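The sequence shown runs 144 to 253 under our numbering.
We treat Cβ as the ideally placed atom computed from N, Cα and C, and that holds for glycine.
Values in this document were obtained by computation on a predicted structure and should not be read as measured data.
See below for the structure under consideration.
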Amino acid sequence: MFCAYPDSRILTLVIMPPSSLAHLTSLDLQSPWKFKLRNPGNSAASTHAGVLEFIAQEGVVHLPYWMMKTLRLEEGDTIRITGTELPKGKMVKIQAQSVHFLEVSDPKAV
Numbered sequence: 144m145f146c147a148y149p150d151s152r153i154l155t156l157v158i159m160p161p162s163s164l165a166h167l168t169s170l171d172l173q174s175p176w177k178f179k180l181r182n183p184g185n186s187a188a189s190t191h192a193g194v195l196e197f198i199a200q201e202g203v204v205h206l207p208y209w210m211m212k213t214l215r216l217e218e219g220d221t222i223r224i225t226g227t228e229l230p231k232g233k234m235v236k237i238q239a240q241s242v243h244f245l246e247v248s249d250p251k252a253v
């Protein structure tokens with residue numbers, strides 16, 4: 144079961160229960176841990192996430208609201224979480240959100 148947590152529009156992180164941490168550390172896996180989240184009722188709905196904290200109640204995972212929408216889930220639905228490895232990115236394209244960025248005297252220093 145999962146619950147949405149507020150103010151998480153840009154986070155790709157979830158909050159899991161402490162037992163998840165205990166299980167992951169017993170497996171002796173390298174961190175950071177990445178997971179594939181899937182809606183068992185809709186195989187086309189999936190996304191990836193890391194872990195923000197291990198403080199959720201047992202049996203509950205907290206997801207950002209946007210992730211709930213992506214997975215087509217309602218609060219209290221069941222999700223499937225599996226460990227995964229993601230390839231490292233090769234390029235990042237950054238776009239200024241306002242003209243104030245153009246006013247920076249040394250953009251490389253930012």
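With contact defined as three or more Cβ pairs closer than 8 Å, the stretch 229–238 and the stretch 194–203 are not in contact.
Under DSSP, Val242 forms no beta bridge with any residue.
Segment contact: the stretch 185–200 against the stretch 234–253, fewer than three CB-CB distances shorter than 8 Å; contact not assigned. His191 places its beta carbon 8 Å or farther from that of Thr168.
Per DSSP, Thr168 is one residue of the alpha helix (DSSP H) stretching across 161–169.
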